[in-house]
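One structure below.
In our numbering, the protein residues as written are 15 to 280.
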């Protein structure tokens, strides 16, 4: 999920930190790809007649088709992908995982209702909400990548954190993911829409952390506190504090501890 409304805040307050381009711009670049995010996209997008693609045994293959063809597309454009797979979720994320399970359970109930009513549009919408990347999906894709000769990394916990570490160590140019929290983990370059299909006609969008900090007038520690105020997978946002007010408070008080003290007094 990433950081709530961070992309909008950057677009509104620091548009110069965003650069739009195409795959050709990344020729020769090594890019760390958030594997779980990509597989999730493939399971939703690579479908036929509203259903996942399957093999003769009825096993889902949408994730493999997506992984194979999107990886080939990147290679054709001279990109050197390094896929990073999630490890064990940190304990502090347990509440968010519980919420996701509840949402999937609710979606399954709504999906059944839509099927009974013959509402294909609603059925397809709720099917998408029930999608979950499983360990089997990950292992399937790792085997495929090994056969293709494409490197991958097993992260100890969150893939985005490992991707950011690879950027900071100079191992890769940037992180290819839709989750904005790669910036919060310290990746200087985040690239969105890199693994989207050509049919979606979405321009690749590159975010520069150094330019974001410069344009917002804050340092990295303050940016991290800003992301906490906005809300993320580890914590909810504070009621009554939207993206604009969160930025104003960070600029005024410079850290979240002082902000909370002043909020408590009001």
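Cβ atoms here follow ideal geometry from the backbone N, Cα and C, with glycine treated the same way.
- Message: Please list the terminal residues of the continuous alpha helix (DSSP H) segment that includes residue 258.
- Response: Run containing residue 258: 257 to 267, per the alpha helix (DSSP H) assignment.
- Expressed to the nearest angstrom, what Euclidean distance is found between the alpha-carbon atoms of residue 143 and residue 169? Rounded to whole angstroms, residue 143 to residue 169 spans 25 Å at the Cα level.
- Validate contact between the segment 174 to 184 and the segment 83 to 103 using beta carbons, cut 8 Å, 3 pairs: Because the criterion of three Cβ pairs below 8 Å is met, the segment 174 to 184 and the segment 83 to 103 touch.
- Message: Within 8 Å, do at least three Cβ pairs link the segment 185 to 195 to the segment 37 to 45?
- Response: Yes: the two stretches touch, three or more of their Cβ pairs being nearer than 8 Å.
- Assigned exposure category for residue 80 - 16 Cβ within 10 Å defines buried: With 16 or more Cβ atoms within 10 Å of its Cβ, residue 80 is classed as buried.
- If we call anything under 7 Å between Cβ atoms a contact, is residue 154 one with residue 78? Yes, Cβ-Cβ distance for residue 154 and residue 78 is below 7 Å.
- Message: Pop quiz: residue 261 and residue 251 are said to be a contact at Cβ under 8 Å. What is the actual Cβ separation, rounded to whole angstroms?
- Response: So it is not a contact: roughly 13 Å between Cβ atoms.
- Query: Could you give the C-beta distance for residue 281 and residue 247, rounded to a whole number, given that I count them as a contact under 8 Å?
  - Reply: The requested residue 281 does not occur in the structure, where the chain is confined to residues 15 to 280.
- Item | Stretch pair the segment 216 to 224 + the segment 20 to 35: three plus CB contacts closer than 8 Å | Yes: at least three Cβ pairs fall under 8 Å.
- Query: What is the DSSP secondary structure of residue 95, reduced to helix, strand or coil?
  - Reply: Residue 95: strand per DSSP, three-state reduction.
- At which residues does the beta strand (DSSP E) containing residue 222 begin and terminate? Note, residue 222: beta strand (DSSP E), 218 to 222.
- Which of helix, strand or coil DSSP assigns to residue 191: Secondary structure at residue 191: coil, using DSSP grouped into helix, strand and coil.
- State buried or exposed for residue 108, treating a residue as buried only when at least 16 other CB atoms are found within 10 Å of its CB. It is exposed - the Cβ of residue 108 has fewer than 16 other Cβ atoms within 10 Å.
- residue 43 by DSSP, collapsed to three states: which one? Residue state, collapsed to three classes: coil.
- When burial is assigned at 16 or more other CB atoms within 10 Å of the CB, is residue 135 buried or exposed? By the 10 Å Cβ count, residue 135 comes out exposed.
- Query: Around the Cβ of residue 18, are there at least 16 other Cβ atoms within 10 angstroms (buried) or fewer (exposed)?
  - Reply: Flag for residue 18 reads buried.
- Message: Nearer than 6 Å: is that true of the beta carbon of residue 162 relative to any heavy atom of the ligand FMN?
- Response: In the structure on display, the ligand FMN does not appear, and there are no ligands present to speak of.
- From the DSSP output, read off the bridge partner residues of residue 102. None; residue 102 has no bridge partner.
- Message: Looking only at its chain, what residues have a beta carbon closer than 6 Å to the beta carbon of residue 104, apart from the 5 residues adjacent to it on each side?
- Response: Result list for residue 104: 171, in chain order.
- Item | Proximal residues to residue 76 (C-beta, below 6 Å), its chain only, five neighbours per side dropped | The residues are 56, 57, 60, 66 and 67.
- In whole angstroms, what is the alpha-carbon distance linking residue 199 and residue 242? Straight through space, the alpha carbons of residue 242 and residue 199 are spaced by roughly 12 Å.
- DSSP bridge partner residues for residue 69 (one or two, in chain order): Under the DSSP definition of a beta bridge, residue 69 lacks any partner.
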